[in-house]
Amino acid sequence: MTVRLVWSPAAKADLIDVYVMIGSENIRAADRYYDQLEARALQLADHPRMGVRRPDIRSSVRMLALLSGLKSSVWWMG
43 MTVRLVWSPA AKADLIDVYV MIGSENIRAA DRYYDQLEAR ALQLADHPRM GVRRPDIRSS
103 VRMLALLSGL KSSVWWMG
């Protein structure tokens, strides 16, 4: 089941902020981070039940680690 992903304005702003922060030190690292996040988001479109359920936050919230070894996660509501 493929779903349509919708990025909230806050999520878009956060992504830009992170990109600028990383890019100020290393533009290639910022590009890699963005590309990996985009690839992970596309996986979510095809597999919306991926990740760990987080009913402690809200019944429809899940968390998905973006990259191993990094403190970075993707959060979404089903």
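Everything in the sequence shown is counted per our numbering, starting at 43 for the first residue and increasing by one.
The C-beta atom is built at its ideal place from N, Cα and C for all residues, glycine as well.
Note that this is a predicted model, so its numbers are computed, not measured.
Bounds of the alpha helix (DSSP H) holding Val62 are 51-65. Judged by DSSP in its simplified three-state form, Leu84 adopts helix. Around Tyr76, the same chain offers Leu57, Tyr61 as residues with beta carbons nearer than 8 Å, after the five sequence neighbours per side are excluded. By the 16-neighbour rule on beta-carbons within 10 angstroms, Arg46 is exposed.
Listed in chain order, the non-local C-beta contacts of Gly65 below 6 Å within the same chain comprise Ala72, local neighbours out to five positions each way being set aside.
In the DSSP assignment, Leu106 falls within the unbroken beta strand (DSSP E) covering 103-107. About 6 Å separates the CB atoms of Ala87 and Thr44; that is less than 8 Å, so the two are in contact. Between Gln78 and Leu108, the C-beta gap is smaller than 8 Å, which places the two residues in contact.
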